[in-house]
Amino acid sequence: MPKSFHRPAVSVTPSPLWRLRMRRELPRRLLQSLAVAGLLASARYAIDPPAPSVARAPVQASAQADRAAEGFAVLFARLYLSWNAADPEAHRLALAPYLGSGLEPEAGFQPPQSGSQRVLWTQVVQARAVRGGGRYTVAVQTDASGLLYLSVAVIRLAGDALALSGYPAFVGPPPTAPPPAPAQLSEVQDASLATVLTRALRNYLAGSGSELAADLAPGARIPLPAARLSLESLDSLEWEPDGRSVLAFLHTKDRAGGSYALAYRLAVASSAGRWQISAIEVGQRE
Numbered sequence: 000m001p002k003s004f005h006r007p008a009v010s011v012t013p014s015p016l017w018r019l020r021m022r023r024e025l026p027r028r029l030l031q032s033l034a035v036a037g038l039l040a041s042a043r044y045a046i047d048p049p050a051p052s053v054a055r056a057p058v059q060a061s062a063q064a065d066r067a068a069e070g071f072a073v074l075f076a077r078l079y080l081s082w083n084a085a086d087p088e089a090h091r092l093a094l095a096p097y098l099g100s101g102l103e104p105e106a107g108f109q110p111p112q113s114g115s116q117r118v119l120w121t122q123v124v125q126a127r128a129v130r131g132g133g134r135y136t137v138a139v140q141t142d143a144s145g146l147l148y149l150s151v152a153v154i155r156l157a158g159d160a161l162a163l164s165g166y167p168a169f170v171g172p173p174p175t176a177p178p179p180a181p182a183q184l185s186e187v188q189d190a191s192l193a194t195v196l197t198r199a200l201r202n203y204l205a206g207s208g209s210e211l212a213a214d215l216a217p218g219a220r221i222p223l224p225a226a227r228l229s230l231e232s233l234d235s236l237e238w239e240p241d242g243r244s245v246l247a248f249l250h251t252k253d254r255a256g257g258s259y260a261l262a263y264r265l266a267v268a269s270s271a272g273r274w275q276i277s278a279i280e281v282g283q284r285e
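Right under this line is the structure:
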């Protein structure tokens, strides 16, 4: 018998034309959308790039004014740098209250076997914060070694007690720089105002309170300096930016013949056509 062949059934399902087009165009549309999104992102970064993230070093805060800690550092520096070879035990006993078991006797300082050193004056010239306290740079003027700068670290313990946090260190002075050039201010052109200012400064420096009072505004109280000076020259009178005060730069002499270049700021006002002074204070050529 002849073999029979099974033919697979074929069915045709109708589909809308728009669906066929969408299936055909979908990959291309997606690729175009991604390309456009990439171009827009590139344009955005080119026009307004994001700020770079930069790691910032922590800012070290300066030590707050702690008068007790400053005094502690100054007293230690004075005792540490004061010694007399004829009485070495005195130096050890003077420093003993400042030292604990963690520090060597006399904070590791062994004075010379001859001579002596006295501290003439001390002054805290710099302070910065450290964990639990502050580190203070103390200027120490001595009769034997001259001007020294000693760095002393002070911490506060339980009960608010003060203590050294380690050994001291000799350091250099705080950095300094020359003053900036003075700003250009407008010169006082009013001759009557210049006359009043000159007269008032002369009386102020000489300590003539009754004469000065004639140029003061009602109610003005200006204490006189203890040093008696004579006005040698009034070199400039310039208006401050506020328009209500004048900066005076002058040269003076004291009774012993010493010369001084000084600057004063004088607050002035015109009343009934007459210039008056309401304040005299320290000025600076900024």
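One point on numbering: in numbering that gives the first Met the number 0, the residue at position 87 of the sequence shown is 86, and numbering is uninterrupted. Ideal placement from N, C-alpha and C gives every residue a C-beta, glycine not left out.
Would you call the CB atoms of residue i and residue j closer than 8 Å?
{"i": "serine 185", "j": "proline 167", "result": "no"}
{"i": "alanine 219", "j": "arginine 243", "result": "no"}
{"i": "leucine 236", "j": "lysine 252", "result": "no"}
{"i": "glutamine 125", "j": "leucine 80", "result": "no"}
{"i": "glutamate 69", "j": "valine 129", "result": "no"}
{"i": "leucine 146", "j": "phenylalanine 169", "result": "no"}
{"i": "aspartate 214", "j": "alanine 226", "result": "no"}
Secondary structure at residue i, three-state DSSP: helix, strand or coil?
{"i": "glutamate 288", "result": "Residue 288 cannot be examined here, being either before or after the span of the chain that is shown, 0 to 285."}
{"i": "glutamate 210", "result": "helix"}
{"i": "phenylalanine 248", "result": "strand"}
{"i": "serine 150", "result": "strand"}
{"i": "glutamine 59", "result": "Residue confidence for glutamine 59 is low, a pLDDT of 41 falling below 50, so the modelled location carries little weight and cannot support an answer."}
{"i": "aspartate 241", "result": "coil"}
{"i": "glycine 66", "result": "Checking the displayed sequence, the identity of residue 66 turns out to be arginine instead of glycine. Note: arginine 66 maps to helix in three-state DSSP."}
{"i": "aspartate 142", "result": "coil"}
Taking the C-alpha atoms as reference points, what is the distance between residue i and residue j?
{"i": "alanine 212", "j": "aspartate 241", "result": "24 Å"}
{"i": "leucine 233", "j": "threonine 197", "result": "7 Å"}
{"i": "alanine 278", "j": "leucine 192", "result": "15 Å"}
{"i": "serine 164", "j": "glycine 158", "result": "16 Å"}
{"i": "glutamate 210", "j": "glycine 257", "result": "24 Å"}
{"i": "alanine 216", "j": "alanine 190", "result": "19 Å"}
{"i": "alanine 56", "j": "proline 173", "result": "Here alanine 56 scores only 37 on pLDDT, less than 50, and its place in the model should not be relied on; the value that follows carries that caveat. For alanine 56 and proline 173, the distance between alpha carbons rounds to 22 Å."}
{"i": "alanine 76", "j": "alanine 176", "result": "27 Å"}
Within its chain, find whatever has a CB closer than 7 Å to the CB of residue i; leave out the 5 residues flanking it on each side and keep chain order.
{"i": "histidine 90", "result": "Trp82, Glu105, Pro110"}
{"i": "serine 113", "result": "Ala84"}
{"i": "tryptophan 238", "result": "Leu184, Ser185, Val187, Val245"}
Name the residue from the options whose alpha carbon lies nearest to the alpha carbon of residue i.
{"i": "glutamate 231", "options": "Ala260, Ala278, Gly145", "result": "Ala260"}
{"i": "phenylalanine 287", "options": "Ala128, Pro87, Val124", "result": "Outside the displayed span of the chain (0 to 285) sits residue 287, for which this structure offers no information."}
{"i": "leucine 119", "options": "Ala143, Gly99, Leu161, Leu98", "result": "Ala143"}
{"i": "glutamine 275", "options": "Pro174, Ile221, Phe75", "result": "Ile221"}
{"i": "glutamine 188", "options": "Ala176, Val73, Val245", "result": "Val245"}
{"i": "proline 181", "options": "Arg130, Val129, Phe248", "result": "Phe248"}
{"i": "leucine 74", "options": "Ala138, Arg273, Ala266", "result": "Ala138"}
{"i": "arginine 66", "options": "Leu98, Ser100, Tyr97, Arg134", "result": "Arg134"}
{"i": "alanine 262", "options": "Ser270, Gly101, Leu204, Tyr97", "result": "Leu204"}
Output needed for residue i: all residues of its chain with C-beta closer than 6 Å, excluding positions within five of it in sequence on either side, in chain order.
{"i": "leucine 78", "result": "Ala93, Leu94"}
{"i": "alanine 132", "result": "Checking the sequence shown, residue 132 turns out to be glycine, not alanine. Once the five neighbours on either side are set aside, the close Cβ partners of glycine 132 are Val153, Ile154, Arg155."}
{"i": "glutamate 280", "result": "Arg264"}
{"i": "tryptophan 250", "result": "Correcting the residue identity first, residue 250 is histidine in this sequence and not tryptophan. Cβ within range, chain order: Glu231, Ser232, Ala260."}
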